[in-house]
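Numbering (our numbering), first residue to last: 405 to 1161.
In structure tokens:
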């Protein structure tokens, strides 16, 4: 059985690093899948423990010149952030590195730019300018020596990365200039355009600035998840032996009785055992109105108790709380890869070797065309420096991190980048009826008797209800609950039953006092060869009103060859959710088709479809047939999103191109669904589709600029336009452009904070 592991990787400098690590891990025996996320600096693996181990995986990464360590949670549920200090230290180091390089390079900048701008020049600079530049450029190289070190290590391990390009470019420029300076020192004539000390220094200064800004902006893309992590209170007040004790959140155990006063955060998930209050659940569900909580109601950790005092029993603590599960889902989604990223990954893997090849070829071509060595060297360095694989590697993951974070803040959990990409292409949305379009809290509306009796109408109805409730008492279907609840309200006694059996999508059967009883749909009656013509008109009348009508029949075992007799009809109606109609209307405006799928009969389904304006009705579909119906729609060329909440929806959710599960539904449905809506608001289906479309647009824009930058920048640096314009790209300008290309891609993702719907 495959084992999922996540490792933190340090030492990655660009997307090429991520591509090399991923490529090497995929070749390793026992690694089923590997996904390296450059933005989050993590690798997500599925391994076969019998063929490989975590230590072997770490060694593969180590042999490539990188460091792999265990991935501690971004923040424990104690509120302690494991990586924050480490990340802050890294940003500080990058900042100091840039400042050191900048300060050391300032005199060089003055010497080069000052003369061009007419600034006064010191005699020392005029006499020993080149020597001072050589010393200061060496100091800048020393300040940024880790870039050279990283580039050299990756080159020696045959896994060149962006730092390798910078190493080759700056080292070539510096040592070529140093060699010319030595010639000058020994009396040889050397032209001034043969010195590139300022280029090697400027390149490293700009690269250091770019790395610093990239680290700062990259950190901001995960702010949404950091907000989620910061929601958990650090302590809880428990009641033990009638006394109150404040303990760390990590020490709370399931079963503890916890006290929460007005204005305090609820520490963990639980069930209210005393008190009454309104609870603000906005941080989890996005719902702005406080939710009423009384005895027996569930409360969610990290939500805020607004008015009264609550006592509740802890049911889920630590990593089992809803908040912890949400954080895990969002983290997993941030670490997953969208299909659109595959091309960028392939390009990143071959990027650096290809760029080195282009740089060498360009320099050689210009030498063959008669250009001087200094000219060819400028071309060589400019090509190496302007190329930027980072932008390619950052475009998708940074946008995905922002998109999934924005969704989580709105109570929408997107489990993977694939779901994010699929959602925008959906052409048809299929809604389950009970519990999805409707509240799932049906009530009995009609009890119709078809037998003649001297008893009063109320007595007959109670008798039918009593029999039906006795049979349905063991069923978990929402319609069964409606019948049982009404019998309880009327204080009717439940009969002892035997041989209970639920027939999925059709009804139930049982034996009461030596009498076999069936309660269910026409299909159930047809299966038992029971004629229903006499009640068909009444059934149709009820169903046209959008009610679900169930037939109650019975037969006595004592009478030989006895037949089932129809006792009556029980009609149940379920109330539509408040926002069902609005959700359907908006989906239509977005150009999506909408369908309803239900085990209920066609008349009821059509009545609901008519009320909501739904295009297509898939009625009388048994649970096992729902996935087949979804498959039929897919064969028609539809990209199908299935929205459901129950166990019987799980196969359909899995079959659909996109499974959307309601957070109020069963664990099975939520496990199967690729998107989970924490609230019961169907408008979130619209929000999920809209947000995915918006995110994908940002991904495409980021990838476009990343590809465009490299496709245009590299040829310009190679001197393609020089014969027509006489303009040659200065390596220093190339460095500035490269440094800011990756930052611009991250800023593109950060602009998603302005998303509104």
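Even for Gly, the Cβ is constructed at its ideal location relative to N, Cα and C.
Where do the N-terminal and C-terminal ends of the beta strand (DSSP E) with residue 954 fall, by residue?
As a working mapping, residue 954 is identified with position 550 in the chain shown. Element bounds for residue 954: 952 to 960.
Between residue 676 and residue 718, how many whole angstroms is the CB-CB distance? I'm expecting something under 8 Å.
For the purposes of this step, residue 676 is taken as the residue at position 272 of the chain shown. For the purposes of this step, residue 718 is taken as the residue at position 314 of the chain shown. Between residue 718 and residue 676 the Cβ distance is about 12 Å, and since that is not below 8 Å, they are no contact.
Near residue 986, which residues of its chain fall below 7 Å by C-beta distance, leaving aside the five closest residues on each side in sequence?
On the chain shown, residue 986 is found 582 positions in, with the first residue counted as 1. Around residue 986: 1087.
Check whether the Cβ atoms of residue 1000 and residue 1022 sit closer than 8 Å, and answer yes or no.
Sequence index remark: in the chain shown, residue 1000 carries index 596 (1-based). Sequence index remark: in the chain shown, residue 1022 carries index 618 (1-based). Going by C-beta atoms, residue 1000 is nearer than 8 Å to residue 1022.
With H, G and I counted as helix, E and B as strand and the rest as coil, what does DSSP make of residue 678?
Counting from one through the chain shown, the residue named residue 678 turns up at place 274. DSSP places residue 678 in strand when its eight states are reduced to three.
Contacts around residue 961, its chain only, beta-carbon distance under 6 Å, and the 5 residues preceding and following it disregarded
Position 557 of the chain shown holds residue 961. Result list for residue 961: 918, in chain order.
In its own chain, which residues sit with a C-beta less than 8 Å from the C-beta of residue 410, not counting the 5 before and 5 after it?
Your numbering for residue 410 matches position 6 in the chain shown. Excluding positions up to five away in sequence, the list reads 446, 447, 448, 449, 475 and 739.
Terminal residues of the continuous alpha helix (DSSP H) containing residue 1112?
If you number the chain shown from 1, residue 1112 lands on position 708. Segment 1087 to 1121, the alpha helix (DSSP H) holding residue 1112.
Is residue 449 helix, strand or coil by DSSP?
In the chain shown, residue 449 corresponds to position 45, counting from 1. Residue state, collapsed to three classes: strand.
Please list, in chain order, all residues of the same chain as residue 1120 whose beta carbon is under 6 Å from its beta carbon, the five residues on each side excluded.
The count along the chain shown starts at 1 and reaches residue 1120 at position 716. Counting only Cβ-Cβ distances below 6 Å, and skipping sequence neighbours, we find 1133.
Residue 462 in three-state terms, based on DSSP:
Your numbering for residue 462 matches position 58 in the chain shown. In the structure shown, residue 462 sits in a helix (DSSP, three-state: H, G or I).
Per DSSP, what are the beta-bridge partners of residue 473 in this structure?
Numbered from its first residue, the chain shown carries residue 473 at position 69. Answer is 412.
Buried or exposed: where does residue 784 fall if 16 or more other Cβ atoms within 10 Å of its Cβ makes it buried?
Taking the first residue of the chain shown as position 1, residue 784 is located at position 380. Buried is the call here.
Judging by CA-CA distance, which residue of 670, 461, 1090 and 1142 is the nearest neighbour of residue 824?
Residue 824 sits at position 420 when you count from the first residue of the chain shown. Ranking the options by Cα distance to residue 824, first place goes to 1090.
Cβ-based burial, residue 754 [other Cβ within 10 Å; buried from 16]
If you number the chain shown from 1, residue 754 lands on position 350. Exposed, by the Cβ-count rule.
Quick one: grab the DSSP three-state call for residue 716.
Along the chain shown, one-based indexing puts residue 716 at 312. Three-state result, residue 716: strand.
Rounding to the nearest angstrom, what Cα-Cα distance links residue 482 and residue 1138 in this structure?
As a working note, residue 482 is residue 78 in the chain shown. As a working note, residue 1138 is residue 734 in the chain shown. A caution first: residue 482 carries a pLDDT of 45, below 50, which makes its placement in the model unreliable, though a value can still be read off. Straight-line Cα distance between these residues: approximately 47 Å.
At least three beta-carbon pairs within less than 8 Å, the stretch 1091 to 1109 to the stretch 744 to 754:
yes
Return helix, strand or coil for residue 468, following the three-state DSSP convention.
What you label residue 468 is simply residue 64 of the chain shown in a count that begins at 1. It is coil, neither helix nor strand.
Under the three-state reduction of DSSP, which class applies to residue 949: helix, strand or coil?
For the purposes of this step, residue 949 is taken as the residue at position 545 of the chain shown. Looking at residue 949 - three-state DSSP - the assignment turns out to be coil, as it is neither helix nor strand.
Quick one: give me the first and last residue of the beta strand (DSSP E) that residue 652 is part of.
In the chain shown, residue 652 corresponds to position 248, counting from 1. From DSSP, the beta strand (DSSP E) with residue 652 extends over 647 to 652.
How many Å lie between residue 1150 and residue 799 at the Cα?
As a first step, residue 1150 is located in the chain shown; it is residue number 746 there, counting from the start. As a first step, residue 799 is located in the chain shown; it is residue number 395 there, counting from the start. Whole-angstrom Cα-Cα distance: 7 Å.
Please state whether the Cβ-Cβ distance between residue 1079 and residue 1095 is less than 8 Å.
In the chain shown, the residue the question calls residue 1079 occupies position 675. In the chain shown, the residue the question calls residue 1095 occupies position 691. Not in contact: residue 1079 and residue 1095 (Cβ atoms no closer than 8 Å).
Could you give the C-beta distance for residue 555 and residue 540, rounded to a whole number, given that I count them as a contact under 8 Å?
Your numbering for residue 555 matches position 151 in the chain shown. Your numbering for residue 540 matches position 136 in the chain shown. Contact doesn't hold; Cβ gap of about 21 Å is too wide.
Who are the near neighbours of residue 902 in its chain, counting only those whose CB is closer than 6 Å to its CB and skipping five residues on each side?
Within the chain shown, numbered from 1, the residue matching residue 902 stands at position 498. For residue 902, where only same-chain residues beyond five positions count, the Cβ hits under 6 Å are 915.
Length of the line joining the Cα atoms of residue 615 and residue 782
Looking up residue 615 in the chain shown gives position 211. Looking up residue 782 in the chain shown gives position 378. Those two C-alpha atoms are separated by around 24 Å.
Residue range of the beta strand (DSSP E) that includes residue 820:
For the purposes of this step, residue 820 is taken as residue 416 along the chain shown, with counting starting at 1. Element bounds for residue 820: n/a, residue is neither H nor E.
Exposed or buried, residue 1180, counting other C-beta atoms within 10 Å across all chains shown (16 or more means buried)?
Limits of the chain in this structure are 405 at one end and 1161 at the other, which puts residue 1180 out of reach.
Can you grab the Cα-Cα spacing for the pair residue 1027 / residue 912, in whole Å?
Sequence index remark: in the chain shown, residue 1027 carries index 623 (1-based). Sequence index remark: in the chain shown, residue 912 carries index 508 (1-based). Each residue's alpha carbon lies about 15 Å from the other.
Would you report the Cα separation of residue 670 and residue 1017, rounded to the nearest angstrom?
If you number the chain shown from 1, residue 670 lands on position 266. If you number the chain shown from 1, residue 1017 lands on position 613. Looking at the two C-alpha atoms, the distance is approximately 41 Å.
In this structure, how does DSSP classify residue 996 when only helix, strand and coil are distinguished?
By one-based count along the chain shown, residue 996 stands at place 592. Residue 996 falls in the coil class under three-state DSSP.
Counting pairs of beta carbons, one from the stretch 754 to 773 and one from the stretch 715 to 732, are three or more of them closer than 8 Å?
no
Three-state secondary structure assigned by DSSP to residue 925
Your numbering for residue 925 matches position 521 in the chain shown. Correct three-state label for residue 925: coil.
Counting pairs of Cβ atoms below 8 Å between the stretch 891 to 898 and the stretch 862 to 873, do you hit three or more?
yes
Three or more beta-carbon pairs under 8 Å between the stretch 810 to 818 and the stretch 830 to 844, yes or no?
no
DSSP three-state assignment for residue 1125, whether helix, strand or coil:
Within the chain shown, residue 1125 is the residue found at index 721, counting from 1. Residue state, collapsed to three classes: coil.
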